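Undergrad: Shown below is the structure under consideration.
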Amino acid sequence: MGQRSDLGFSDLKSQMPSLVDIPGEETKILDFWKSHDAFKTSLKHSSGKRRFTFYDGPPFATGLPHYGHLLAGTIKDIVTRYAHQRGHHVERRFGWDCHGLPVEYEVDKELGITGPHDVEKMGVACYNDKCRAIVMRYSSQWEKVTNRLGRWIDFENDYRTMYPWFMESVWWVFKQLYDKGLVYRGLKVMPFSTACSTPLSNFEAGQNYKDVQDPAIIVSFPLDNDPETSMIAWTTTPWTLVSNLALCMHPDKEYVKILDTSKNRKFIMMKARLTSVYKQENEYKVLDTFKGRSMEGLTYQPPFSYFIHLKKERGAFRILCDTYVTEDVGTGVVHQAPYFGEDDFRVCLKNGIVGKDTPMICPVNPNGRFTDEIKDFAGMYVKDADKLICQNLKKNGRLVHQSTITHSYPFCWRSDTPLIYKAIPTWFIRVEQMIDRLLANNAKCLWVPDFVREGRFANWLRDARDWAVSRNRFWGTPIPIWTSDDMEEVVCVGSIEELKLLSGVEVTDLHKEFVDPITIPSSTGRGVLHRVSEVFDCWFESGSMPYAQIHYPFENTTVFQEGFPADFIAEGIDQTRGWFYTLLVLSTALFDQPPFRNLIVNGIVLAADGQKMSKRAKNYPDPVEVIEKHGADPLRLYLINSPVVRAQNLRFSESGVHEIVKDVFLPWCNALRFLIESSILPYQKITHQLFIVKSDEFPLTNNFMDRWILSFTQSLILFVHEELSGYRLYTVVPRLVKFIDHLVNWYVRMNRKRLKGDVVENQNDWKAALHTLLKVIYQITCLMSPFTPFITEFIYQHIKSYLDYTDNLKDHSSLLPGYSSETGAPDSIHYIQAPEPKLELISNEIEDIVYWMQSTVELGRIIRTRCNLPLKAPLREAVVIHSDPNILNNIKSAQTYIIEELNVRVLTTTSDKHRYGVQLRGVLNHKTLGARLKNDYKSVVNKVKDMSTEELEQFVNTGHIIVCGHELSGDDLSVVYSTGSSSGCSDTQSSTSGLKRKSEQSPSSSSTLDGNSQVNSSKYETASDAKGLLVILDITPDVELENERLARELVNRIQRTRKKAELIPENPIVILAITDLDSYYNIAGPHGNYLNYIQSTIKQPFTVMKQSTMNNINLIDIMQCAKSILPDGWELTTEVIRDTVSIPPDNIDLIIFSRQPIHDSSDHHIKININMNSVEIKKRPVFVNVINYTNHAQTIKVQLCDSNNQWFVHSVDDLLRKVKCAFGWSTNINLQLYTALNTDNVNDLKPFVHVPANQLINLDGITLYASV
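Everything in the sequence shown is counted per the UniProt record's numbering, starting at 1 for the first residue and increasing by one.
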C-alpha cells in the first residue's frame, strides 16, 4: 500500500488494538519523534520564513512543575505549533530563572543559615557556589515532564539568568534607565521578608495575602500638659510601639474628650469612632468636642522610653496632623513608628521628626528580631514579642482594650512567612512618572481575555509605585553602581568592556564574589569607588529577558529588531503583578513600546475542593501520574477546554481527564479503526485494488451526508483560523470536541453500511464514501495536531499509507528533510501545514438541514430514554412540529435519515399544534431572575403562569417579551411543550410491552389522544427544545414492531459475542442461537421473517435451535444443526465461544464455531511474511489442542490460522485470551499453559514459554495443558 507505519509495529492489526492504550502509544510516539529529531526537522522546514517571536517566561528549577506550569506550557505549545503550521519560523527556547530568593531560601534551609552574618562567615564565594550547585536541581525532571506533555521546546539552547552574557545585558538595561534619570536611591518603608532578610517590591508583596488573626489593642498616651487625660490609639502591630515617635490626628475631623465611666479615666479619640469602641452610650460621657488641628504640637508620654532622648533632639512624641487618618477603623488617632509604616515615615519626615540624613530608629535586624537597644525584648522575633509587649502595657496601665482581629495580611511569596514593613535604603526605578505611557502601551496589546487588560492590569498600572529593584542578598546579578564612600560620586557600568576600561580589570563572571573586589578610581579625587552591596530583584532579570536571552545589544541586533515586540506570550493571571508588569515597565522605559503584541492569560488550577493545591495537604493527584494513567493529550485537552483558559479558576478533577478519554479520544480512535478495518481493508479485498488517494484531493461525491461532513469540516477550519488569529483558544476547543462527536456519532454512525460497502450500487460510490471519511479524518487530524500532538501523530501514521504524496517527488532536489524519498510522504503530521478551507464545499443550507435533523433525532432519543424504549424497538410514527415552514422543509429533506435514526415507520412534519393537542407552558429561570427582579419576582411568576399560547409563541419567535415591565430574553424563560396524551413514561416504567413477553403484556395506563385524525388508542410522548421544535413519538404497542425489535437486538448480541471472542468480520464462522421461546424461533428460525435480515447483517451462516436450557443440550444435535447451515465446500473446525446473552426480558445462548474450506490431502506451499521474516508454511489451517488440566474431559481446539493464511493468534498472549474465552474463564484470571513436548510423563509438564510469531507455525497439532 505504498508504505508502512514508522512506529515500529509489525502489522496493521497490532496497530489498532480493540482498546487503544493512549499513554503507551504516546510513549512510542515520543521515541519516534526522538529517533527522527522531529522538532529540529520541523524548524529546518520553516527556516527562512517570517519569524514568529515567542517569549517563554523563565520558571525556577528549584521546584517541580505543577498543573499551572503544565497549563501554561500547553497554551504556549498550541499557539507556537499553530504558528509553525501557518508558515512561520518559531524558535522556542526554554529559559530558567536562576537567581533570587527561591534559590537562596533553599540553600539557607539546607545550611541552617539564619542571616547575612552567617553568609559572611562562610564567605560569599562559597555561598554562591552552593546556590549554583542547586539552581538546576530539578531541571532534568522539568525537561522530562515538559517532553512527556508533548511540548516542543529547545532545552539545548536554553537561556539562564545566571549566564554572564545574560547578566551583561541586564547591566545594559539598567545603565539605559540610569542614563535616562530613571534610577535613584532612597529611604523608603518597604515590604520586608524577615525569613529572606531582604525587601520586596510592592507587586511581590501583593502576590500572597492570607487571612490571619492578629492582636488588636487600644493603648493610652498621657498628655504632658494634662497627665489625667490620654490620647488612645489602636494598632494590630504591638511590636511597633517600642519605636513609637509620634501620634497623628486628622486636622478637620471632630474629636471628643470623654470620661470612660467604667475605668474612670479621660480619653481623647475621634467622635465618629465612639460607637465602634463603646457599644453602649452609658459607658462614656462626652466632656468636650474640638477639631483635630487644635491638638497639634502637644506632647505626650510614650509607652516605652527606649528613644526618649529624641524628645529634645528631634521634637519626637508630639501630636501631628495629616488627612490620611480615616474614620473607618481604630480610634481616629494613629500611632507613628516612622521606620515601620509608609504613611508614618512620610508624616514624620514632613514634620522633622526623622530626616533623610538622620540616624534611623529601626531596632529590628534583617531577621526580624529586636536589637540590643530594646533591652526588654532583645533577640526576640517581633511577632513573638507581641504577647509580652501587651503584658508590659497592661502592667504599666497603658492597655485600654485588648482583642483579636482576622484580616488579610501579606506573606513572603517565597518563604510563606509574614512580611513586615521596614525602612531601608533602596535603589528605585521611577515608575510613577511613566504611568500614562504604561497605560498607552498596554492598550496596544491584545489580551485574551480582554477584561484582564482593561480591569485587573490597568488598575494595577494606575496605582503603580516606584519599583524597588535592589535586594540585600548575595546570589543575583549585582547592581552595577560604584560609589564613593560619601555617595557623592556615582558611576553606573553597562557592560563587561566598560568595567574593564574603568577599572583595568577584566572579568568573565559578573557574580558578586567576582565584581565586589573591583574598584574604580575616582575622577574627582575621592579615592576609589566601591560597588554597592545590593543585587537585582530577580523580577528585573526576568523582565529583561527579551534582550538578555539573545545578549542584546552586544549580539543579535538584527534578530532583536525583527522580533520585537514579541508576537506572543502566555502565563497565569498572577503574573499581572509579576512578569507581565516588569516586561511592560522595562520596554516602556527603554523603547516606549509594549514588549508583546498578544497575550493569553490563564486562571489558577485549584484542588478539587476549591483550595489551593498543596503538597503538604496532598489534595491533588500528581500530574506525572495523571499523564501516565490517562495520557498527556487528554490532560492537555481537559485543561484547554475549561474556564481556566478564560482567566477563571479551575477545580481540577481527574475524572474530567478520564471523561475526555472516554468521550473524545476513544470515539476518535474507533472512527479510525472503522475506516481501516471495516471499510478500507474490505474494499481492497473485494475490489482487489489498493485504496490510495492524493493527499490534497477532495472526493467527488453527491451523497448528502458526504457533502455535509465536508462542508462542516471546511466551516470548522475557517472558524479555527479566525479564532486562533485572535488567540481565542477557549472558543476553538469546544468546536473541535463537538466536531469529533459529529464525525463519530453522526456521520460514521449514519453511513456505516455505505462505508462498509453493504448498500452501495457501485464501487465508485463506496470509494467516494471512503475518500470522504479519510479526507475528513486527515484534515481534522492536521487541524488538531497543535492541540493533541500525540493522538494526531498516531492517527496520521495509520492513514498515511492511503495518502498519495508522490507529487512531492517531482523534484527530488527540493524534497524537505523528514519526507520519504520513496513515497514523498512527510514522516510526521507535524511537518504538514494547517489545512486551508475549501470555501466552495461549504453549504450553509446542508449544515442547516443536518442541524435540524440532529435536533429532531436528539429530542426523539430523549423520549426513548425517558420511556425506556431502546433504539432497536421500532415505533409507528414521529411527528415534528414547528411554526417555521423553512425549518420543516429542512427536516423533511432529511426524513430518510430521521426515520432510520429514530427507527420509526413514518415521519410527519406540521405546524399544526392544535391537531395534536399541544399545550405551551412557560418556565422561569429562578436562579437568575430571583436576584434580578427581587420584589417583582412573584408577580412575574404569576403572570407567566397565565400567559397564553400566543404570547409564548411570540417569545419563541422573537426571543424576548415584556412581563410586568421587565424584559425577559435568552435563558430567562423557557417554553415547554406537552400534549394531553402524555403516557407518564419515566425511567422506571415502560408504557409499551417491548420489555415483556407477550404473555405478560398488560394494558398501558397512559392516556390517549382525542384529535380528529388520530386513533383514540394511540399513545404519545413529547420533547421540545428552546428553539420551538417539538417532537412527538407514537409509542403504541405493536406485535410486528416488537418482532423487529427482537431481531435487531439479536443481531446486536451476536456482534457483541463476536467481539468478545476477538473475531474480526472476515473470520469464517457459524452461529447458533439456542432458546425455548417461540418468538425467536418464529422470527429467526429457518422460516423466520427476519432470518434474511439477520444473515445479511452478520454476513455469516446463522440459525435458531429450539432447546429449553444449555444444560440439556445434546452435543450431537448441536453439531448437526450447525452443519446443516454450512455452505457447500465448508466444514466445522472448532467451537470458538459459548455465551449467554440478555435480550430483555429473556436470556438466550449463542454458540460460535469456526469453519474452513474442505481441501484435498495434498499439501500446497506458499510464503507469507510475519514480522518481516519470510517463513515457509503449509496452505492449510493450523490448530493446537488445549486440555483443561483440572478437568481432562474438557478439550478444545484453538485455530491459529485458516487456509487463507488469515492468522487469528499473533502471540502467546493472544493464545491465552482465546483459551480463557473458549473455557468460559474470566479474562482477569492468571492462566498458565504447560506442554508435554519434552517429556513422556503427562505429570511432568513444562511451562509453555514465549514463542516468536514467526515460529507459531511449529505449534501445529501439539497439545497444551491449561491450569488456573
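Backbone N, C-alpha and C define an ideal beta-carbon position, used for all residues, glycine too. None of these values were measured; they are calculated from a predicted model.
Going by beta carbon distance, what residues of the same chain come within less than 6 Å of E628, once the five residues before and after it are set aside?
TA: Same-chain partners within the cutoff: P23.
Undergrad: Distance cutoff 8 Å, beta carbons only. Does F704 sit that close to anything in chain D?
TA: Any reference to chain D falls outside this structure, which holds one protein chain only.
Undergrad: Name the one or two DSSP bridge partners that P338 has.
TA: Its beta-bridge partners do not exist; DSSP assigns none.
Undergrad: Smallest Cα separation from T62: which of G73, Y138, R526 and A1084?
TA: If we check each option's Cα against that of T62, Y138 comes out closest.
Undergrad: So, with DSSP's three-state summary, where would you put L1231?
TA: Looking at L1231 - three-state DSSP - the assignment turns out to be coil, as it is neither helix nor strand.
Undergrad: So what does DSSP say about G57, is it helix, strand or coil?
TA: Reduced to three states, the DSSP call for G57 is coil.
Undergrad: Assign K1167 to one of three DSSP states: helix, strand, or coil.
TA: Bear in mind that the predicted position of K1167 carries a pLDDT of just 32, short of 50, making it unreliable; the figure below should be weighed with that in mind. K1167 falls in the strand class under three-state DSSP.
Undergrad: Looking at C782 and P594, is the spacing between their C-beta atoms short of 8 Å?
TA: Going by C-beta atoms, P594 is not nearer than 8 Å to C782.
Undergrad: Under a Cβ-count criterion, where at least 16 other Cβ atoms within 10 Å of its own Cβ denotes burial, should E840 be classed as buried or exposed?
TA: Exposed, since its Cβ has fewer than 16 Cβ neighbours within 10 Å.
Undergrad: Is Y897 buried or exposed, if buried means 16 or more other CB atoms sit within 10 Å of its CB?
TA: Buried, because 16 or more other Cβ atoms sit within 10 Å of the Cβ of Y897.
Undergrad: Am I right that A589 and K180 are in contact with their C-beta atoms under 8 Å? What's the rounded C-beta distance?
TA: Right, their Cβ atoms sit about 7 Å apart.
Undergrad: With respect to the alpha helix (DSSP H) encompassing H798, which residues constitute its N-terminal and C-terminal limits?
TA: Segment P789 to I799, the alpha helix (DSSP H) holding H798.
Undergrad: According to DSSP, is H551 helix, strand or coil?
TA: Coil.
Undergrad: Quick check: what's the CA-CA separation for N351 versus L310?
TA: Taking the straight line joining both Cα atoms gives about 14 Å.
Undergrad: Exposed or buried, what is A1266 when buried is set at 16 or more other beta-carbons lying within 10 Å of its beta-carbon?
TA: Counting Cβ neighbours within 10 Å, A1266 comes out buried, since at least 16 surround it.
Undergrad: Using a Cβ-Cβ cut-off of 8 Å (strictly less than) and excluding sequence neighbours within five positions of H89, which residues of its own chain qualify?
TA: So the qualifying residues of the chain are L43, S46, S47, G48, K49, R50, R51 and F52.
Undergrad: Flag this pair as yes or no: are the beta carbons of V400 and I232 separated by less than 8 Å?
TA: Result yes, Cβ atoms of V400 and I232 sit closer than 8 Å.
Undergrad: Here's the rule I'm using: 16 or more other beta-carbon atoms within 10 Å means buried, otherwise exposed. How should Y184 be labelled?
TA: Exposed is the call here.
Undergrad: So who's on the other strand from P215, going by DSSP bridges?
TA: Partner(s): T404.
Undergrad: Am I right that V1184 and L1132 are in contact with their C-beta atoms under 8 Å? What's the rounded C-beta distance?
TA: That belief does not hold up - the Cβ atoms of V1184 and L1132 are roughly 17 Å apart, past 8 Å.
Undergrad: Within the continuous alpha helix (DSSP H) that includes P191, where are the two ends?
TA: That residue, P191, is in no alpha helix (DSSP H); its beta strand (DSSP E) goes V183 to S193.
Undergrad: Could you check where the beta strand (DSSP E) with K422 kicks off and where it finishes?
TA: Counting along the chain, the beta strand (DSSP E) containing K422 begins and ends at L419 to I429.
Undergrad: Between which residues of its own chain and L700 is the CB-CB distance below 7 Å, once the five residues before and five after are set aside?
TA: Only A768 meet the Cβ criterion.
Undergrad: Compute the Euclidean distance between the alpha carbons of A1061 and Q1232, then round it to the nearest angstrom.
TA: Near 19 Å, if we compare the C-alpha coordinates of Q1232 and A1061.
Undergrad: Just reading off the beta strand (DSSP E) that G922 is part of, what are its end residues?
TA: Counting along the chain, the beta strand (DSSP E) containing G922 begins and ends at V918 to L924.
Undergrad: Just reading off the beta strand (DSSP E) that H1087 is part of, what are its end residues?
TA: No beta strand (DSSP E) holds H1087; DSSP gives it neither H nor E.
Undergrad: For the structure I just gave you, are there three or more beta carbon pairs, one from the segment 652-670 and one from the segment 629-643, closer than 8 Å?
TA: Yes, since at least three Cβ pairs between the segment 652-670 and the segment 629-643 fall closer than 8 Å, the two stretches touch.
Undergrad: So what's P1127 in DSSP terms, helix, strand or just coil?
TA: Three-state result, P1127: coil.
Undergrad: Please work out which residues of its chain come closer than 6 Å, Cβ to Cβ, to L502, disregarding the five sequence neighbours upstream and downstream, and give them in chain order.
TA: Same-chain partners within the cutoff: I520.
Undergrad: Would you say the segment 261-279 touches the segment 218-237, given that touching needs at least three Cβ pairs under 8 Å?
TA: Flag = yes, the segment 261-279 and the segment 218-237 touch.
Undergrad: For I1151, which residues of its own chain have a beta-carbon under 6 Å away from its beta-carbon, when the five flanking residues on both sides are left out?
TA: So the list reads L1072 and R1138, once near-sequence residues are dropped.
Undergrad: Of all the options Y82, K130 and A83, which has the alpha carbon lying nearest to the alpha carbon of E104?
TA: With distances taken between Cα atoms, E104 lies closest to K130.
Undergrad: When the distance is taken between beta carbons, is S415 closer than 8 Å to D211?
TA: For D211 and S415, no; Cβs fall outside 8 Å.
Undergrad: With distances taken Cα to Cα, identify the nearest neighbour of R707 among L718, V364 and V776.
TA: Answer by Cα proximity: V776.
Undergrad: Since I believe V532 is in contact with I479 (beta carbons under 8 Å), could you give me their beta-carbon distance rounded to a whole number of angstroms?
TA: Confirmed, Cβ separation roughly 6 Å.
Undergrad: Three or more C-beta pairs under 8 Å: does that hold for the segment 878-892 against the segment 939-947?
TA: Not touching, per the Cβ criterion.
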